[in-house]
Every structure is written in structure tokens, then in C-alpha cells.
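Participant: Handing you a structure now.
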Amino acid sequence: RVWRGSSNRRRCGERVDTARMSRLSAGQQSACQQFSEFTSAAPDVAAKCLRRHGWNVQMALSEFWDNPGAFSPPPPACDVAAVEKLFEKYKDEGENCIGVDGLVQMCEDLDEDPTDIRMLLFCHALKVKTAVNWTRAEFMEGMVRLGYDSIAKVKAGFPTLQSDMLEPHKFKAFYAFAFDVSRQEGQKVLDLQTAVGLWRLLLKGKFKHLEMWCGYIETEFKKSIAKDTYLLTLDFALQANDDFSNIDLDSSAWPVVIDEFVEFGRKALAPGGGSS
């Protein structure tokens, strides 16, 4: 009964949205469509923001990106006491944070590998500052915001967290977060193996020459990875074509390591270069 009621309310809401949109002019509907394509916002949110700015798409987008929380739906219902019990279950004994042991236990309860991308996505959703030692405030605020008051709800939420990453701007933010959360305390760079591990985890299926890049970093570059290099690697991975012919080294703004990798890759891909 509850499920059917929720479905009926959703369908009713969809009819209301459709009716409201039908009352807009063709130009206003086009502006809403553009806004939603950039932000993934619902039509009513797009219309609300656009009305505030005289249907100027650029001005409306600026406000949305400056303060997206103002246009977000209210957080889902959550049993705060149940979240508190989860924190108490997983926190380190005598400490006020969830450390390595608690996270290992949580992963066992979730039936997830701690190194799986879903756990990194969960860290990102919670907005924690480190991969371990989650504070009480981080855990409580994140879980309540997400509406997760049980391990079952955390697990059920993974598909949504993964589908969100199909949106380029959300993936880019997640990719940047992975650098920050993976650094050792007090360090501004990533150690080489951590960076390579992240690239293999995050760029799989996005970067044709991922293994060549990782191999080059491990055997030729052999240094820690600065954040600028890490961030630009994503842009490079998405832009470079199969043979790097669209990368102009003469007017390149890429980090030196990427320039040198392009030269290395071109030689490797040339006939007789020894790379497939």
C-alpha cells in the first residue's frame, strides 16, 4: 500500500510538472531544457531558478552552481538514533572516530571489498576528509543527509552513487576528491603507487592507453604525483585520441610528464614500436 501510494504521488507530481511546463512559452521551455541539460535539475527547479533571473540561462546557471543546495530537495527521512548506533558500532574503542578496524567491519557487513570504487564513492558522498578516521560529525551529517540509517540502505544506495558518476562534472569532482582523500596526512602529493592505483580504478574504460600511462609512470617517471598533474591527467585521458595525433606539443600547456609520455607513446605506437 505504501509503495503504491508513493508511486501515485510521484505520477501526480509528474502530471503537475508537465502541466506547469505546458503553460510556459516555447522560449521558456527551451531555456528550462538547456538549464536541465547542464545541471540535471528537475524542470520545476529549472523554471524556478530561471524566473528569478528573467529567463537568462547564464545568470540562472551561475546562481545554481554558486549555491546548488538552495535548490536541492529536502533530505530524505532518517532515524538519527539509528545512525548514532551505527557510529557507536564501528568507531574505534576509546576514540570518537571510525578507524581502520571499524571500516573493515563495515565493509564486511556491506559485503564489499574495501578497495572497491563503491567504498570510495561512499566516502565522497559522506564528504569525509580522509579515507580512514571518519569523525562523528562527518559520519552523522553525511548519513543523515543521504537518508542512510542502516547498512542495508547504504548498500541499496550504491547504484545511485555510481550512476551519478555518469555526469561529467560530478565525475570530475569525485576524481579530484579521490586525490585529496588518498594523500598521507601532511602531504601535498600522492605517492606513486597510490596515484597509479587510483588511475587504474577511476580511468578504466575512459583512457585507451591507461596501462601504457601507468607503466610509464612506474618505470620512467618514478616520482610522487602533484595534484596539478593528477587533475590534468583526467583531461588528457578524455582528450587524447588513439595515436595522440591531436596533442600539439609545440603549444602544449600539459605538465612536462604528459608531454614526455606523448613522445614515448607515439614511438611505442609507431610501426615496429612494440606496442599494440
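FYI, the numbering for the sequence shown is 4 to 279, going by the numbering used here.
All C-beta atoms in this analysis are idealised placements derived from N, C-alpha and C, irrespective of residue type, glycine included.
The structure presented is a predicted model; accordingly, all values stated were derived computationally and were not measured.
(1) Do Ser43 and Glu170 have their C-beta atoms within less than 8 angstroms of each other?
(2) What does DSSP give as the partner residues of Cys100 in its beta bridges?
(3) What residues are listed by DSSP as bridge partners for Ile228?
(4) Let me know the alpha helix (DSSP H) ranges lying completely inside the stretch 137-168, each 4 residues or longer, listed in chain order.
(5) With a threshold of 16 other CB atoms inside 10 Å of the CB of Lys132, please say whether the residue is buried or exposed.
(6) Tell me whether Phe210 sits in a helix, a strand or coil according to DSSP, three-state version.
(7) Out of Phe74, Asn70 and Met143, which one is the CA nearest neighbour of Ile101?
(8) Below 8 angstroms between beta carbons: does that hold for Ser254 and Asp262?
(9) Between His127, His56 and Phe182, which lies nearest to Asp194 when the distance is taken from Cα to Cα?
(10) For Trp257, which three-state DSSP category applies?
(11) Can you list, in chain order, the residues of its chain with a C-beta nearer than 6 angstroms to that of Leu206? Leave out the 5 residues immediately preceding and following it.
(12) Since Leu106 contacts Val135 with CB under 8 angstroms, what's their CB separation in whole angstroms?
(13) Helix, strand or coil for Ile250? Go by DSSP, reduced to three states.
(14) Using DSSP with H/G/I as helix, E/B as strand and the rest coil, what is Ser185?
(15) Between the Cα of Pro79 and those of Asp167, Asp245, Asp152 and Arg203, spot the shortest distance and give me the residue it belongs to.
(16) Buried or exposed for Lys270, going by 16 or more other Cβ atoms inside 10 Å?
(17) Give the range of the alpha helix (DSSP H) segment to which Leu123 is assigned.
(18) Report the residue from Leu164, Trp202, Asn249 and Tyr219 whose alpha carbon sits nearest the alpha carbon of Leu234.
Facilitator: Here's the rundown:
(1) Residue 43 sits at position 40 when you count from the first residue of the sequence shown. Residue 170 sits at position 167 when you count from the first residue of the sequence shown. Yes, they are a contact pair.
(2) Numbered from its first residue, the sequence shown carries residue 100 at position 97. BP columns for Cys100 point to Thr138.
(3) To locate residue 228, count along the sequence shown from 1; it is residue 225. Ile228 pairs with Leu193.
(4) 139-149 and 154-167
(5) By one-based count along the sequence shown, residue 132 stands at place 129. Exposed.
(6) For the purposes of this step, residue 210 is taken as residue 207 along the sequence shown, with counting starting at 1. Look at Phe210 here: in three-state DSSP terms it is coil, with no helix or strand label.
(7) Here residue 101 refers to the residue found at position 98 when the sequence shown is read from its first residue. Comparing Cα-Cα distances from Ile101 to each of Phe74, Asn70 and Met143, the minimum goes to Met143.
(8) Here residue 254 refers to the residue found at position 251 of the sequence shown. Here residue 262 refers to the residue found at position 259 of the sequence shown. No.
(9) Translated into the one-based positions of the sequence shown, residue 194 becomes position 191. Among His127, His56 and Phe182, the Cα nearest to that of Asp194 is on Phe182.
(10) Here residue 257 refers to the residue found at position 254 when the sequence shown is read from its first residue. Of the three classes helix, strand and coil, the one that applies to Trp257 here is coil, per DSSP.
(11) Locating residue 206 in the sequence shown gives position 203, where the first residue counts as 1. Leu213 and Ala240, listed in sequence order.
(12) Reading the sequence shown from its first residue, position 103 is the one you call residue 106. Reading the sequence shown from its first residue, position 132 is the one you call residue 135. Confirmed, about 6 angstroms.
(13) Taking the sequence shown and counting its residues from 1, one reaches residue 250 at position 247. It is coil, neither helix nor strand.
(14) Taking the sequence shown and counting its residues from 1, the one referred to as residue 185 is at position 182. Three-state DSSP puts Ser185 in a helix.
(15) Looking up residue 79 in the sequence shown gives position 76. Measuring from the Cα of Pro79, the nearest candidate turns out to be Asp152.
(16) Reading the sequence shown from its first residue, position 267 is the one you call residue 270. Lys270 comes out exposed.
(17) Counted from its first residue, the sequence shown places residue 123 at position 120. Unbroken alpha helix (DSSP H) run through Leu123: Ile120 to Leu129.
(18) Reading the sequence shown from its first residue, position 231 is the one you call residue 234. For the residues Leu164, Trp202, Asn249 and Tyr219, the minimum Cα distance to Leu234 belongs to Trp202.
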